Every structure is written in structure tokens, then in C-alpha cells.
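Numbering (this note's numbering), first residue to last: 13 to 354. For every residue, glycine included, the Cβ atom is placed at its ideal position computed from N, Cα and C. Since we're looking at a predicted model, the values are computed, not measured. Working notes, structure below.
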Amino acid sequence: MSEKINVAQFGTKHGHAQGVLEVMNSHPEVNVVGVWEPDKNRKEYLIRSNEKIWTQIKWFDNNKNILNNKKILAVASEGSNAESLSHTEMLIQNNKHVFYDKPGGEDFSRFKKVLKLAEKKDLHLQMGYMFRKHEGFKKISEWCKSGLLGKIFQIRAHMSTWIPDYNPENENTSRDGISIHQGGILFDLAGHMFDQIVWILGRPNKITSFLQNTNSINKNFSDNTLSVCEYPGAIATVEISALEIPPLARRFEVYGTEGSAIMEPFEPVKNIRLSLKNSNENYKKGVSYINVNNTPRYVDTFNSFIQNIKGKTKPLRNYEHELIVQETLLRATGKIKNLRQD
């Protein structure tokens, strides 16, 4: 498959919608056919905005223009968190490969059904967790899996942000807008960190979360959150707040019996503090600072998705991993209980 792949975008209300569209539009192996947005007011607002990308692409008035077009092989699902699961289900039902921006909705049974349908149809459904090709996270996970850090007994992930109480430009990215989801800011952002933790440690045995409303007008919004994941012989904690003043101190730490790795910040990343009990052929005993290349969001993960479709590479994660990450997120928010034993 040497010709360009025709792609489209479903929805624009996700916080990553513009960034993903820009990445697709600049990809040399992709032809962006157009965008469908069900909310006419949202569409008109974007066209009037100062962002050139929204005037450079074609707009579809009906989703059938995408669903029924067999020449469109792949679609980025970029609707709001409240609509994206139903959008993705429609796309899979109509035989589209889907780049599905996180998280996977709040209906776990439906999410599982969509994954199974994609697998049955031999379609690629890749969750848009943007750190899967991040050089720093890749190094740390490789160190964990290779045994360099010994037995991992603790992971700490801190990925806070600051968002306004209200956002007239896109209420779906405000505290008030996200308040419709159980877990609030934890639901919105923690999937990125659970994606990394599950990749290293697997499915947690038990999850305990603390969800506070600390300083937000909408008292239904959890703006200050902590999740504790328990494993046999290990604990992983995820801290997510909507209140942190920029510049953000996003941090990922892993501790093992033979060493530790600390990455702060991981956006934009500069280096990892690696501490080892013993030297080996690659790293010295004690503390070293390992330089890491900072790459733009979405670029490498979307490219991986395209290469998967072309049959040149295998998916970054399998469907079982995607399922466990989504289950872990919803267990953390309290949407589902610690019941799944398979």
C-alpha cells in the first residue's frame, strides 16, 4: 500500500482535536478528506477562529459522507469525552480503522464490545495515549522490563494541569464541562499515566481513590485527585489536579530494588535521573542523567497507527492492554468496581 491513505476526523470537541488534525494534515502518507462536527455552532465558531487549520480543510454536513465512503480507511475520533465512544462504535461498525482519543468513555461494557468488534473485523483501534512513543517513557519501561532497576516496588505519576472553571471556546475542556464525568480531572487525564503503569506492572489488584473538590465553582467536579493502585509487592500512585499553576511539574518516578528512574518534567522532557546500585556495560553505579529527545505530541503515535494500517509495523499495544487501561481508569473513578477477575 504505497499510495496515500484517505483519513477523516469525527468531532472537534476533544482537547486534542486541533493538534491531531494538524498532525494528520502534515503527514506525508495521509490525505485528509474532511471533518464532520455534529454541533453546527461549534463548527461555525471554529471556522471564524484565528486557527488556519479549520479553514484549510473540507467540512462534511453529514457523517454518512465519512461512514459510507469506502475510500476513507481511517478516522480520528475527536469528539468530546461524552460522545466519542458512540462515534467510535459507529466508525468500527462501518469498517474504519480508528485513532481514538482518550479516554474510552464511561460505559465499560460498550467499550469492551467495540474492542471485540474491531478485533473481529481485523481493524486497528488505537487509543490516543500520547506518551507511548515518548523517548523518556520508553526508556523507563525498557529499564523496568529488562531488570535494570530490579524488582519494581513503587511508581509515582504526577500529571496535573490548570483549566478554567468555564471555557466559552470549548466547555468540554473546562471544570464545569468535565464535571459530568465521575472522577472529574482524574477521568480526563489519568488514562495517560495508567497506560504507562499497566504497561510496566499489569492490572492492579486493588484501587483506592481520593476525589476532592478543593477550589472549583462547580462542586460536582473533582479537581484534586489521587489513586493508589495495589499490586503484589508494589504500589503505584497517580496524582491528578486541575489546579496546578504553570509551568507544570509533570513527573514520573519508578523505584526498584536495584535502582530508580525519575523524569521531571516529562513535558518538555530533557533528561532522566537514573540511580543504580551497581554498574553495568551501559550505565555506571550511582546517579547519571540520561539525555532524552523531546518530540512533539501525537506525531509518532499517529505515524505508528498509519504504519499499522499499511502492515509495516505491529500495534504499540494489543487490545487486552487497551481493555485493562480503560478498566483501571473506571475502577479509579469509581464508575466500576473491583470485580473483573479474568
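Asked, Found
"According to DSSP, which residues form a beta bridge with residue 298?", "288"
"Shortest alpha-carbon distance to residue 38 belongs to which of 57, 336, 68 and 51?", "68"
"Determine, using beta carbons only, whether residue 266 and residue 336 come nearer to each other than 8 Å.", "no"
"Could you check if residue 86 is buried or exposed, using at least 16 other CB atoms within 10 Å of its CB as the buried criterion?", "buried"
"So does the segment 169–177 actually touch the segment 249–260, counting three or more Cβ pairs closer than 8 Å?", "yes"
"Quick one: give me the first and last residue of the beta strand (DSSP E) that residue 43 is part of.", "42–48"
"Straight-line CA distance for residue 144 to residue 339?", "18 Å"
"Kindly indicate which three-state DSSP category residue 218 falls into: helix, strand or coil?", "strand"
"In three-state terms, what does DSSP make of residue 205?", "helix"
"In the structure shown, what three-state DSSP assignment does residue 67 receive?", "helix"
"Taking the beta carbon of residue 208 as the centre, do at least 16 other beta carbons fall within 10 Å, making it buried, or is it exposed?", "buried"
"Give the range of the beta strand (DSSP E) segment to which residue 253 is assigned.", "246–253"
"When you compare only the Cα positions, how much space is there between residue 147 and residue 284?", "10 Å"
"In this structure, how does DSSP classify residue 175 when only helix, strand and coil are distinguished?", "coil"
"Between 88, 220 and 300, which lies nearest to residue 348 when the distance is taken from Cα to Cα?", "220"
"Report the three-state DSSP secondary structure of residue 338 (helix, strand or coil).", "helix"
"Could you check which residue in 235, 332, 89 and 130 has the C-alpha nearest to that of residue 192?", "235"
"Counting only the same chain and skipping the five closest in sequence on each side, list residues whose C-beta sits under 6 Å from that of residue 13.", "At residue 13 the pLDDT is 47, less than 50, meaning the model places this residue with poor confidence and gives no usable figure here."
"Considering only residues of the same chain and omitting the five flanking positions on each side of residue 116, which have a CB-CB separation below 7 Å?", "97, 123, 139 and 338"
"Exposed or buried, what is residue 60 when buried is set at 16 or more other beta-carbons lying within 10 Å of its beta-carbon?", "exposed"
"Could you tell me which residues DSSP pairs with residue 242 in its beta bridges?", "218 and 247"
"Could you compute how far the alpha carbon of residue 217 sits from the alpha carbon of residue 161?", "22 Å"
"Using CA coordinates, which residue listed in 27, 318, 125 and 48 is at the minimum distance from residue 111?", "318"
"Near residue 201, what residues of its chain come up, given a Cβ to Cβ distance below 6 Å and the 5 sequence neighbours on each side ignored?", "171 and 252"
"Are residue 89 and residue 103 closer than 8 Å when you measure CB to CB?", "yes"
"Where does residue 143 fall in DSSP's three states?", "coil"
"Output yes or no for whether 8 Å exceeds the beta carbon distance between residue 28 and residue 113.", "yes"
"Between residue 190 and residue 99, what straight-line distance do the alpha-carbon atoms span, to the nearest angstrom?", "18 Å"
"List the whole-angstrom C-beta distance separating residue 19 from residue 84, where the pair is believed to meet the contact cut-off of C-beta under 8 Å.", "7 Å"
"To the nearest angstrom, how far is the alpha carbon of residue 35 from that of residue 288?", "38 Å"
"Taking DSSP as the reference, what is the three-state secondary structure of residue 32?", "helix"
"Name the residue from 150, 109, 238 and 292 whose alpha carbon lies nearest to the alpha carbon of residue 307.", "150"
"Out of curiosity, what's the CA-to-CA distance linking residue 15 and residue 81?", "17 Å"
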